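First up is the structure itself, then whatever we jot down about it.
Written as C-alpha cells, this is what we have:
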C-alpha cells in the first residue's frame, strides 16, 4: 500500500474535470427518469458531470494502475451508458451505474474498477472466468489459506465496509469439505468485492481510489 500511495501522490495535482456531487445527482435523476426522451434532454448534463469526469479519472489512474497490475494494457475501459436491450426488452434503456475497468484483458481473470451511481462512488476488485479450471487454482489457494482470508476479511470490514457479490454458482460442490463461510466464494463463477458507496472524496478521486483498494 505505501508503494501505491507513493505512485498515486506523484500524479498531477490538478484534474480538469472531477467527479462531484453533480455526478451523483445526475445518476439519481436517471434512476427516476430512465427513458430516451429524458436522456436526450439531459445529454449535455451527462457529458459534463459523468462521462468527462470519469474519462479524466481513467486517464489519471492509467499509469499507476499499470505499475501494480501486469495484465493491464494501459487503456482503461469505461462502460457505455446505454444498456444492450436487444435480447432483453425488460431492461431500462440506460445503465444505472457507470464504471471504469482496469483488467479483464485476454488471459486475465482479475479486474479492479471504480464505479459511480445514484448512491455515490465505490472502488472494488473482482475475479471471474467462464470455465471452472480457470479459477480452480484461486479456489484451492483460498481453501488452503482460509485462516489468512478470514483475518483479512475481518480487518477490511467485510460485510460492513465492503460487500461481497456473487455472480452465478456451481450447484455441485467443487471440492470436498468446503467450510460454510467459504462455500459461496468457492462455488462462484465470479466474485466481486465492492466498497460501500460514498458521496464524498477525502482528497480527490484518483488518490481515494488507491486508498480504497
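Numbering (the numbering used here), first residue to last: -19 to 193. Every residue gets a Cβ at the ideal spot worked out from N, C-alpha and C, and that includes glycine. Here the structure is a predicted model, which is why all the values come from computation and not from measurement.
Beta-bridge pairing of residue i - partner residues as DSSP gives them
i: residue 178; result: 101
i: residue 146; result: 171
i: residue 197; result: One cannot answer for residue 197 here, as it falls past the ends of the chain, which runs -19 to 193.
i: residue 57; result: 81
i: residue 62; result: 74
i: residue 8; result: Bridge partners of residue 8: none, in fact.
i: residue 138; result: 142
i: residue 95; result: 79, 102
N- and C-terminal bounds of the alpha helix (DSSP H) containing residue i
i: residue 192; result: 185 to 192
i: residue 19; result: 16 to 21
Short Cβ contact (9 angstroms threshold) for residue i with residue j
i: residue 82; j: residue 41; result: yes
i: residue 185; j: residue 61; result: no
i: residue 174; j: residue 143; result: yes
i: residue 124; j: residue 176; result: no
Where the beta strand (DSSP E) containing residue i begins and where it ends
i: residue 48; result: Residue 48 -> not in any beta strand (DSSP E); alpha helix (DSSP H) instead, spanning 32 to 48.
Reduced DSSP secondary structure (H/G/I, E/B, other) of residue i
i: residue 120; result: helix
i: residue 194; result: The chain is shown only over -19 to 193; residue 194 falls outside these bounds and no answer can be derived.
i: residue 3; result: helix
i: residue 164; result: helix
i: residue -2; result: coil
i: residue 157; result: coil
i: residue 69; result: coil
i: residue 51; result: coil
Min CB distance residue i to chain C below 9 angstroms
i: residue 103; result: Absence of chain C from the displayed structure is noted, only one protein chain being present.
Meets three-Cβ-pair contact criterion under 8 angstroms: the region 97 to 112 and the region 163 to 178: Flag = yes, the region 97 to 112 and the region 163 to 178 touch.
Touch test, the region 135 to 144 against the region 39 to 56, Cβ-Cβ under 8 angstroms, three pairs minimum: Flag = no, the region 135 to 144 and the region 39 to 56 do not touch.
Three CB pairs or more closer than 8 angstroms across the region 4 to 17 and the region 91 to 103: Between the region 4 to 17 and the region 91 to 103, the count of Cβ pairs shorter than 8 angstroms is three or higher; the stretches touch.
Segment contact flag, the region 71 to 82 with the region 141 to 160, C-beta cutoff 8 angstroms, min 3 pairs: Too few Cβ pairs lie closer than 8 angstroms, so no.
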